[in-house]
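J.: Right, I'll just put the structure down here and ask away after.
Protein chains in written order, with our numbering: chain A, 1 to 131; chain B, 1001 to 1090; chain C, 2001 to 2275.
See the structure below:
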């Protein structure tokens, strides 16, 4: 019975992540202020990263992919491979975090520049003003 | 990465932290005061950092906490202080 | 636009969003966490510190850092390029931001209006030193325990941020972190990364067997001995520690540059906008 409850909780967690994706897409599309769009975009990117870590988790293990000794024996390595979580999604997510942060920093600078030039932060009006 | 006595409760803790993240993300997006929205999005990042700890990802934790709670929040607060604080109504 | 068109667009958008969410949910639940790992993950976990099979090892007990800078090093080099371009774009956008700032700041100093109260200043002095020490420690042991260059650079960037808020921008520039010096430190870090990554490539083009971003020696390129994995009792993981320190300098100074550019006083900015 406890296994069914745990399985149901995993599906509930995926449903919650999908709900956060839906709320973030609503925020990007339906809110006219550029700073609110940037907030929603960062939430969307972080949720995509969390999805990847979820897929890489190994059920029942609490060991990060770090060996604890500098001269492991064969038994140590075999135990490590049998109990650690997947390191590949973690490597990809670190790259994704840094790239998203670089893009967000540039977006914030562009938003300030757009306000400097057009005196407004509403996305529809900024695209209609000319020169 | 969590201690052994907490491992039967892993799914419950994960469900709790993700539900907290959903509630904070929803309030961050419908909030019209942009300073409060930035602080709520920082709270949602803390909930995600707890999730990364529970899923045994320490490298990501060390990279995610200063970037999401430190740098994003400060960039947004700088942007709000140099432009307008409240969103347009309607 | 007729009024029913707006409602129809909203209905279509809602249907599309619900279909997208159901698709993601059905696709994701097929991957509820399993008890087995994929073969690629088992390869990386088994060979990142395997003294019995030195043809495939990366000399680091930390699988994620070994993958970042050795097995998948080219991804990380391009990611550093993206970060570099974003910082250049931000500096270019705000290149007019230093005009006549000095006289405005001296007026503020006379009126004693810059910075925060004395409690905040005392606490910031203590926390600043702690943050810098912690970030240096995380950069230097990134090849042995969780940590590394990006993590340390991001943590380091919080310290000048606190100092700009609690003291003033002029105080941080007095510490030696001006815009030009941050650009110089960042360029030094990037040059170091390029050197460590491209020396094996230069050797390969000169005829010695090696390949780009090579860490340890491989049996199919036996002439290049690789970077040293161990110097006496100290475990350097080949090129990983060099990459970590250079990336720490790059990321830390890049973020400091961003905050120095953004920290213009609000009145000054509004006066610039009105002109």
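Here a beta-carbon is modelled for each residue, glycine too, at the ideal position from N, C-alpha and C.
This one's a predicted model, so the numbers in the text were calculated from it and none came from an experiment.
For residue 2213/C, I'd like the list of residues in its chain whose CB is within less than 6 angstroms of its CB, leaving aside the five on either flank, ordered along the chain.
T.: 2073 and 2197.
J.: To which residues does DSSP link residue 84/A through a beta bridge?
T.: Bridge partners of residue 84/A: 63/A.
J.: Rounded to whole angstroms, what is the Cα-Cα separation between residue 85/A and residue 64/A?
T.: Answer to the nearest angstrom: the Cα atoms are 6 angstroms apart.
J.: If I'm right that residue 57/A touches residue 1055/B with Cβ under 8 angstroms, what's the distance once you round it to whole angstroms?
T.: Yes, residue 57/A and residue 1055/B are in contact; Cβ-Cβ is about 5 angstroms, under 8 angstroms.
J.: Under 8 angstroms between the Cβ atoms of residue 2254/C and residue 2169/C?
T.: No, the pair does not count as a contact, with Cβ atoms beyond the cut-off.
J.: Just to check my reading of the structure: residue 1083/B and residue 39/A have Cβ atoms closer than 8 angstroms, yes? What is that Cβ distance to the nearest angstrom?
T.: No, residue 1083/B and residue 39/A are not in contact; Cβ-Cβ is about 14 angstroms, not under 8 angstroms.
J.: Nearest by alpha-carbon distance to residue 2039/C: which of 75/A, 103/A, 87/A and 120/A is it?
T.: Comparing Cα-Cα distances from residue 2039/C to each of 75/A, 103/A, 87/A and 120/A, the minimum goes to 87/A.
J.: What did DSSP end up calling residue 2208/C once you bin it into helix, strand or coil?
T.: It is coil, neither helix nor strand.
J.: Which value, in whole angstroms, describes the spacing of the CA atoms of residue 2053/C and residue 2203/C?
T.: Going by the C-alpha atoms only, they are around 25 angstroms apart.
J.: Could you run through the segment 1058-1088 of chain B and flag, in chain order, every residue whose CB is less than 8 angstroms away from some CB of chain A?
T.: Taking 8 angstroms as the Cβ-Cβ cut-off against chain A, the residues of the segment 1058-1088 of chain B that qualify are 1058, 1059, 1060, 1063, 1064, 1067, 1068, 1071, 1072, 1075, 1076, 1078, 1079, 1080, 1082, 1083, 1084, 1087 and 1088.
J.: Are the segment 41-55 of chain A and the segment 1044-1052 of chain B in contact at 8 angstroms, needing three or more beta carbon pairs?
T.: Segments in contact, yes.
J.: Mind pulling the beta strand (DSSP E) runs of 3 or more residues that sit fully within the segment 2206-2260 of chain C?
T.: The qualifying runs are 2216-2218 and 2221-2226.
J.: May I ask which residues mark the beginning and end of the alpha helix (DSSP H) holding residue 2160/C?
T.: 2149-2166 is the extent of the alpha helix (DSSP H) around residue 2160/C.
J.: Helix, strand or coil: which one does DSSP assign to residue 1033/B?
T.: Residue 1033/B falls in the strand class under three-state DSSP.
J.: Going along chain A, which residues have a C-beta under 7 angstroms from residue 2083/C?
T.: Ordered by position in chain A, the residues that pass the 7 angstroms Cβ test against residue 2083/C are 98 and 102.
J.: I'd like the list of long-range same chain contacts for residue 34/A, defined as Cβ closer than 6 angstroms, with 5 residues on each side in sequence excluded.
T.: Only 111, 121 and 123 meet the Cβ criterion.
J.: Taking all protein chains shown into account, decide if residue 37/A is buried (16 or more other Cβ within 10 angstroms of its Cβ) or exposed.
T.: It is buried - the Cβ of residue 37/A has at least 16 other Cβ atoms within 10 Å.
J.: Can you check whether the C-beta of residue 23/A is within less than 8 angstroms of a C-beta belonging to chain C?
T.: No, because no Cβ of chain C sits closer than 8 angstroms to the Cβ of residue 23/A.
J.: Can you name the residues of chain C whose CB is closer than 7 angstroms to the CB of residue 125/A?
T.: What residue 125/A touches in chain C: nothing, since even the nearest Cβ is about 17 angstroms away.
J.: Based on the DSSP secondary-structure assignment, which residues constitute the bridge partners of residue 122/A?
T.: Paired residues: 33/A.
J.: If you draw a straight line from the C-alpha of residue 2078/C to the C-alpha of residue 2117/C, how long is it?
T.: Spanning the two alpha carbons is a distance of roughly 43 angstroms.
J.: Is it right to say residue 2207/C is buried, meaning 16 or more other beta carbons lie within 10 angstroms of its own, or is it exposed?
T.: Exposed is the call here.
J.: Taking the C-alpha atoms as reference points, what is the distance between residue 2223/C and residue 2181/C?
T.: Each residue's alpha carbon lies about 40 angstroms from the other.
J.: For residue 2146/C, which option in 2241/C, 2032/C and 2250/C has the closest C-alpha, if you only look at C-alpha atoms?
T.: Here the closest residue by C-alpha is 2241/C.
J.: Below 8 angstroms between beta carbons: does that hold for residue 104/A and residue 1072/B?
T.: Their beta carbons are under 8 angstroms apart, which means residue 104/A touches residue 1072/B by this criterion.
J.: Cα-Cα, which of 2120/C, 2159/C, 2124/C and 2115/C is closest to residue 2134/C?
T.: Nearest C-alpha to residue 2134/C: 2159/C.
J.: Closer than 6 angstroms by C-beta to residue 27/A: which residues in its own chain qualify, once you throw out the five before and the five after it? Chain order, please.
T.: Same-chain partners within the cutoff: 40.
J.: Name, going along the chain, the residues of the segment 1044-1056 of chain B whose beta-carbon falls closer than 8 angstroms to a beta-carbon of chain A.
T.: Under the 8 angstroms Cβ criterion, the segment 1044-1056 of chain B contributes 1044, 1045, 1048, 1051, 1052, 1055 and 1056.
J.: 8 angstroms is my cut-off, CB to CB: does residue 38/A come that close to chain B?
T.: By this cut-off, residue 38/A is an interface position.
J.: Between the beta-carbon of residue 134/A and the beta-carbon of residue 2243/C, is there less than 8 angstroms?
T.: Residue 134/A falls outside the range modelled here, since chain A spans only 1 to 131, and no answer is possible.
J.: Would you mind telling me which residues of chain B sit closer than 7 angstroms to residue 2172/C, beta carbon to beta carbon, in chain order?
T.: Near residue 2172/C there are no residues of chain B at all, since even the closest Cβ is about 14 angstroms away, more than 7 angstroms.
J.: So the candidates are 2090/C, 2076/C and 2025/C; which of them puts its Cα closest to the Cα of residue 93/A?
T.: Among 2090/C, 2076/C and 2025/C, the Cα nearest to that of residue 93/A is on 2076/C.
J.: Taking the alpha carbon of residue 2183/C as the reference point, which residue from 2148/C, 2216/C, 2249/C and 2152/C has its own alpha carbon closest?
T.: It is 2249/C.
J.: Between residue 2189/C and chain A, is any beta-carbon pair separated by less than 8 angstroms?
T.: For residue 2189/C, the answer is no, since every Cβ of chain A falls outside 8 angstroms of its Cβ.
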